[in-house]
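A.B. asks: Following this message is one structure expressed as structure tokens.
Numbering (the numbering used here), first residue to last: 733 to 1084.
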């Protein structure tokens, strides 16, 4: 199932790469092509990701997976992720300078993680560490719960730091902080450490706009001769098209197309995983509203013979999104402050 999720990620790329795809089904294929054209021609877009199922449905489909608990199913049912991009030009014409935002929330829109990367390279982020640790404890064993108690003790110590460490206290309290990636890289190098491993923020450089465009073209070429489109009628105010691809054949073509860019892909994404997709046709649904791409739904159970039920994941597309902007009131988090705060906390624990 986990490798099925990775393969599903490729299908999401496929869904957003239909612009260059050829198809014998002109009517349905053209409908999808125009919808994607309308989406990628925007200056600001947002994509949302989430399981389109209840806690019970997720538990039924995945209860045979190793270390998968009922609490895990509950967490996944309430999990929402969004990715936004904006630029001064239409995104399809933007080579550099696009701003991005990543957000993950859990239940009733409560944000746990939000990261905004502006076109000038500045990163803003806020993380509800307590919420994240609490979810990990709920889904884990006694050791996870013990870690949560230790972490709460750490937060109590950090709250007693002098006001000069405001940015560190803000970061630990889930408030907005701004980060200069170059400052952290230079500090890490001065400490004799690998800058990539020592950075306290996500690696946003691996998939820059230029790389994304290369990936899109490569995927479009890989599936051009494989995807079939079938008109699936209208419902809920949207036109639907069923897209069918031979999974293993298409995955092999994708892997081959992405080989030149393998080092630029996220570490969690391994091309070798694409070899494990089933040798069968995989279907996913594309929703089109007002001639624009509005959603893609795929049942992950198609990737796992042992799945006891459906496990649909939905990807929503909003072409009327607001541009990504810097948040107000963010304090600047410097690497020296992080190091100094940690030393203060450690010395306080030694004196206690």
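Glycine is no exception: its CB is placed at the ideal position from the N, C-alpha and C atoms.
Being a predicted model, the structure only gives us computed values, none of them experimental.
What does a CB cutoff of less than 7 Å around residue 1024 pick up in its chain, not counting 5 residues either side in sequence?
C.D. replies: 767, 770, 771, 1051
A.B. asks: Over the uninterrupted beta strand (DSSP E) stretch that includes residue 846, give me the two end residues.
C.D. replies: 843-849
A.B. asks: How big is the Cα-Cα spacing for residue 1077 and residue 883?
C.D. replies: 13 Å
A.B. asks: Taking buried to mean at least 16 other C-beta atoms within 10 Å of its own C-beta, is residue 967 buried or exposed?
C.D. replies: exposed
A.B. asks: For residue 1084, does the count of other Cβ atoms within 10 angstroms reach 16, so buried, or fall short, so exposed?
C.D. replies: Note that residue 1084 has pLDDT 46, beneath the 50 cutoff, so the model's placement of it is unreliable and no number is given.
A.B. asks: Mapping DSSP to helix, strand and coil, what is residue 932?
C.D. replies: Reliability of the predicted coordinates at residue 932 is poor, the pLDDT of 46 falling under 50, and no value is obtained from them.
A.B. asks: Excluding the 5 residues flanking residue 965 on each side, which residues of the same chain have their C-beta closer than 8 Å to its C-beta?
C.D. replies: 971, 972
A.B. asks: For the candidate residues 786, 825, 810, 783, whose alpha-carbon lies nearest to that of residue 775?
C.D. replies: 825
A.B. asks: Straight-line CA distance for residue 806 to residue 787?
C.D. replies: About 5 Å.
A.B. asks: Less than 8 Å separating the beta-carbons of residue 811 and residue 785?
C.D. replies: no
A.B. asks: Rounded to whole angstroms, what's the CA-CA distance from residue 798 to residue 822? Just pull it up for me.
C.D. replies: 44 Å
A.B. asks: So the beta strand (DSSP E) residue 987 belongs to, where does it begin and stop?
C.D. replies: Run containing residue 987: none in the beta strand (DSSP E); it sits in the alpha helix (DSSP H), 979-990.
A.B. asks: In this structure, how does DSSP classify residue 815 when only helix, strand and coil are distinguished?
C.D. replies: strand
A.B. asks: Excluding five sequence neighbours on each side, which residues of the same chain lie with their C-beta closer than 6 Å to the C-beta of residue 1014?
C.D. replies: 977, 979, 1034
A.B. asks: Give the DSSP-derived three-state secondary structure of residue 1056 in the structure shown.
C.D. replies: coil
A.B. asks: Nearest by alpha-carbon distance to residue 1048: which of 857, 1060, 1017, 1075 is it?
C.D. replies: 1017
A.B. asks: At the level of alpha carbons, what is the spacing between residue 1007 and residue 800?
C.D. replies: 24 Å
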